[in-house]
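The structure appears right after this line, and notes come after that.
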Amino acid sequence: MAQERKPRTLQELLDSVPNIVDYLYANRKGSVTRDAVQRQPPPHVLPEYTNWRDEQRAWRETVALYDQSFHMTTSILRGPDALRLVSYLAVNSFRTFG
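Under our numbering, the sequence shown is numbered contiguously, ending at residue 83.
Right under this line is the structure:
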């Protein structure tokens, strides 16, 4: 039984499936693709639905408050200027860090 070759590029993946939305939606739990595409907030963060126009206007004319603590929980910064970058971007002080 021959093993199916995995697509090596995004274009190969797009060409290999009839509908990319269905493919990503039905991707098995725990796969890299599913985890990257379908990260969901924890159950205590209730979804709110409006329409696209209202959301776009709100982002431009008001303030957007996001709790995005449920994703990007692992960030790895390396290099000689990593601490300098984080110190510049963060609201916390890194004076006693490390």
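For glycine and all other residues, C-beta sits at the position ideal for the given N, C-alpha and C.
The C-beta distance from tyrosine 8 to valine 2 rounds to 4 Å, short enough to meet the 8 Å contact threshold. Close CB contacts of proline -8 within its chain, under the 7 Å cut and outside five residues either way in sequence, are with Leu(-2), Ser1 (chain order).
In this model, leucine 62 and threonine -6 are separated by some 26 Å (Cα to Cα).
The beta carbons of leucine 70 and phenylalanine 79 sit about 10 Å from each other, so the pair does not count as a contact at 8 Å.
Separation of tryptophan 37 and tryptophan 44 (C-alpha to C-alpha, rounded to the nearest whole angstrom) is 11 Å. Going by C-alpha positions, threonine 81 is about 11 Å away from serine 72. The DSSP-derived three-state label of valine 76 is coil. Counted as a single uninterrupted DSSP element, the alpha helix (DSSP H) harbouring glutamate 40 occupies residues 37 to 46.
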